[in-house]
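Please read the structure below before turning to the comments.
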Amino acid sequence: MVWQIPDYTPMRNITEPIITLEGHSKRVGILSWHPTARNVLLSAGGDNVIIIWNVGTGEVLLSLDDMHPDVIHSVCWNSNGSLLATTCKDKTLRIIDPRKGQVVAERARPHEGARPLRAVFTADGKLLSTGFSRMSERQLALWDPERFAAHEGMRPMRAVFTRQGHIFTTGFTRMSQRELGLWDPNNFEEPVALQEMDTSNGVLLPFYDPDSSIVYLCGKGDSSIRYFEITDEPPFVHYLNTFSSKEPQRGMGFMPKRGLDVSKCEIARFYKLHERKCEPIIMTVPRKSDLFQDDLYPDTPGPEPALEADEWLAGQDAEPVLISLRDGYVPPKHRELRVTKRNILDARPPSGPRRSQSASDAPLSQQHTLETLLEEIKALRERVQAQEQRITALENMLCELVDGTD
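Each step along the sequence shown adds one to the number in full-length UniProt numbering, with nothing skipped, and position 362 is 362.
What follows is the structure, encoded as structure tokens:
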């Protein structure tokens, strides 16, 4: 369900979603808005399927139902929304082109442990992943996806060893340009950087700020937030500090940069989920000056889309539209989502022989057809519910029989 949160209303009881999207067969656990296209929303569920929606019309734009053999643990867009990074229960980190429906690169077992993985894109296209070692130590790794696949094109590759033990490869780019690569086989699929931390069993959730190139790690069940700076020079991942509190976190949310208070030099705000409350955690940089701090607040992605949903689906890409936070962020008026569902009757061919219709009886005919469709949908839903109840009853009988044989 998608809900509209008003910007300029002090208080309003919201009782109805603006739209309900139906398509998954099991529980939905992951949602992510496209970073540059209007009203494009990604969802991933327990059915191992990723669906990309146009929320403005309620339509399914893309359904990726054969990419993952098991439960999807995380999905992240890159900065312009052309690629997805996913982690799965099969211990594989994948980079997917959703419009082509292709896995363009993948890395099996980026972390050797048995616990779930998470991954996010950095601003320059690298990947940050969190996971566990064989000894159950929690890890943070930085990856360069170009090392996953020697050449990204679809044509054949060739390779030869040099005298020094390096590898020369020939292949093609995505744009079908021929290219030559030189590789170090000792570092073919190794992470750019690997940081080991502790042996706690909580899955680390990474939150990446592209403006400051800081990644915040929040572990489920932890009472602390570690943060690291990602740089272009060795050792690439630099530990900064740890925020600690008394109570463990059950989950964590991350405020976009435009929602921060620049007058207080706030650089990050989290929403820590407790059992019965949600607690804001504010991180600030101490500064004596009351002036706007340019180094803390470069231009950041705003709410305005760079593309329409149809443009993105047709293959266009665009970087986010940036805004300045010098005077603080003020949301534009009249930006509420308006859902315009396309009339399914417009796409249906006329049934039966054509006949002339007057202007008065055409709407009545359409209304009758719509009522018939709604009745059929209602009957199908009742049938599905009855079958689900029967399946549940049979499963309970099976459990009783198994328990009896034990």
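C-beta atoms are modelled at their ideal positions from N, C-alpha and C, and glycine is treated no differently. Treat the numbers as computed from the prediction; the structure is a model and nothing was measured.
Assumed close pair CYS218, PHE207 - CB separation to whole angstroms, cut-off 8 angstroms: Mapped onto the sequence shown, residue 218 falls at position 218. Mapped onto the sequence shown, residue 207 falls at position 207. That belief holds up - the Cβ atoms of CYS218 and PHE207 are roughly 7 angstroms apart, short of 8 angstroms.
For GLY113: DSSP bridge partner residues: As a first step, residue 113 is located in the sequence shown; it is residue number 113 there, counting from the start. Answer is none; GLY113 lacks a bridge partner.
ASP65, enclosing alpha helix (DSSP H) - first and last residue: Position 65 of the sequence shown holds residue 65. Element bounds for ASP65: n/a, residue is neither H nor E.
Alpha-carbon spacing of GLY58 relative to PRO210, whole angstroms: Here residue 58 corresponds to residue number 58 of the sequence shown, with the count starting at 1. Here residue 210 corresponds to residue number 210 of the sequence shown, with the count starting at 1. Taking the straight line joining both Cα atoms gives about 30 angstroms.
Bridge partners - LEU337, DSSP secondary structure assignment: The residue labelled residue 337 in the question sits at position 337 within the sequence shown. Answer is none; LEU337 lacks a bridge partner.
Alpha carbon of GLN385 to alpha carbon of ILE391, nearest angstrom: In the sequence shown, residue 385 corresponds to position 385, counting from 1. In the sequence shown, residue 391 corresponds to position 391, counting from 1. Whole-angstrom Cα-Cα distance: 10 angstroms.
One or two residues paired with residue 418 in a DSSP bridge: Lying before the first or after the last residue shown, residue 418 is absent from the chain, which here runs from 1 to 406.
Residues of its chain near TYR216, where Cβ-Cβ distance is below 6 angstroms and the 5 sequence neighbours each way are ignored: On the sequence shown, residue 216 is found 216 positions in, with the first residue counted as 1. PHE207, ILE225, TYR227.
GLU137 versus LYS220 - alpha carbon distance: Translated into positions along the sequence shown, residue 137 becomes position 137. Translated into positions along the sequence shown, residue 220 becomes position 220. The alpha-carbon atoms of GLU137 and LYS220 are separated by roughly 15 angstroms.
LYS26 in three-state terms, based on DSSP: Start at 1 with the first residue of the sequence shown, and residue 26 comes out as number 26. Note: LYS26 maps to coil in three-state DSSP.
Three-state class that DSSP yields for MET11 in the structure shown: As a position in the sequence shown, residue 11 is number 11, starting the count at 1. Reduced to three states, the DSSP call for MET11 is coil.
Residue environment, HIS34, which counts as buried when at least 16 other CB atoms sit within 10 Å: Sequence index remark: in the sequence shown, residue 34 carries index 34 (1-based). Classification for HIS34: buried.
Cut-off 7 angstroms between Cβ atoms - residues of its own chain near VAL237, not counting five sequence neighbours on either side: What you label residue 237 is simply residue 237 of the sequence shown in a count that begins at 1. So the qualifying residues of the chain are LEU140, LEU142, ALA193, GLN195, PHE228, ILE230.
Top-ranked residue by Cα proximity to TYR271, from MET255, LEU31, GLY259, PRO332: For the purposes of this step, residue 271 is taken as the residue at position 271 of the sequence shown. When only C-alpha atoms are compared, the closest one is MET255.
Residue from GLU275, ASP232, THR199, ARG269 whose Cα sits closest to the Cα of GLN249: Counting from one through the sequence shown, the residue named residue 249 turns up at place 249. Considering only alpha carbons, the answer is GLU275.
CB-CB length for GLY23 against VAL55, believed under 8 angstroms: Against the sequence shown, residue 23 aligns to sequence position 23. Against the sequence shown, residue 55 aligns to sequence position 55. That belief does not hold up - the Cβ atoms of GLY23 and VAL55 are roughly 12 angstroms apart, past 8 angstroms.
DSSP-derived helix/strand/coil call for GLN385: Here residue 385 is taken as the residue at index 385 of the sequence shown, counted from 1. If DSSP states are grouped into helix, strand and coil, GLN385 belongs with the helices.
Three-state class that DSSP yields for GLU400 in the structure shown: Within the sequence shown, residue 400 is the residue found at index 400, counting from 1. If DSSP states are grouped into helix, strand and coil, GLU400 belongs with the helices.
Element boundaries [beta strand (DSSP E), containing ALA319]: For the purposes of this step, residue 319 is taken as residue 319 along the sequence shown, with counting starting at 1. Inspection of the sequence shows that residue 319 is occupied by Glu rather than by Ala. No beta strand (DSSP E) contains GLU319, which DSSP labels as neither H nor E.
One or two residues paired with SER224 in a DSSP bridge: As a position in the sequence shown, residue 224 is number 224, starting the count at 1. According to DSSP, which records beta bridges pairwise, SER224 is partnered with SER244.
Residue from MET11, SER25, LEU42 with nearest C-alpha to VAL2: Your numbering for residue 2 matches position 2 in the sequence shown. Checked all of MET11, SER25, LEU42; the closest Cα to VAL2 is LEU42.
Proximity below 8 angstroms, CB of ARG38 to CB of PRO298: Translated into positions along the sequence shown, residue 38 becomes position 38. Translated into positions along the sequence shown, residue 298 becomes position 298. Their beta carbons are not under 8 angstroms apart, which means ARG38 does not touch PRO298 by this criterion.
Rounded straight-line distance, which links the Cα of MET11 to that of TYR239: Position 239 of the sequence shown, counted from the first residue, corresponds to residue 239. Position 11 of the sequence shown, counted from the first residue, corresponds to residue 11. Each residue's Cα considered, the two are about 42 angstroms apart.
Contact set for ARG326: own chain, Cβ-Cβ below 7 angstroms, skip 5 residues either direction: Translated into the one-based positions of the sequence shown, residue 326 becomes position 326. These residues qualify, in order along the chain: PHE292.
Inter-residue spacing [alpha-carbon to alpha-carbon] between LEU83 and LEU398: Residue 83 sits at position 83 when you count from the first residue of the sequence shown. Residue 398 sits at position 398 when you count from the first residue of the sequence shown. C-alpha separation (whole angstroms): 44 angstroms.
For VAL262, the three-state DSSP class (helix, strand or coil): As a first step, residue 262 must be located in the sequence shown, where it is residue number 262. It is helical.
LYS272, DSSP secondary structure in three states: Within the sequence shown, the letter at position 272 stands for residue 272. Three-state result, LYS272: strand.
Euclidean distance between Cα positions of ILE214 and ILE267: Taking the first residue of the sequence shown as position 1, residue 214 is located at position 214. Taking the first residue of the sequence shown as position 1, residue 267 is located at position 267. Distance between the alpha carbons of ILE214 and ILE267: 10 angstroms.
Residues that DSSP places opposite TRP312 in a beta bridge: Looking up residue 312 in the sequence shown gives position 312. Partner(s): none; TRP312 has no beta bridge.
Rounded C-alpha distance that separates ARG107 from LEU370: Here residue 107 refers to the residue found at position 107 when the sequence shown is read from its first residue. Here residue 370 refers to the residue found at position 370 when the sequence shown is read from its first residue. Cα to Cα, ARG107 sits roughly 49 angstroms from LEU370.
Range of the contiguous beta strand (DSSP E) that encloses GLY56: Along the sequence shown, read from residue 1 onward, the residue named residue 56 stands at position 56. Careful: GLY56 lies outside any beta strand (DSSP E) and carries neither H nor E.
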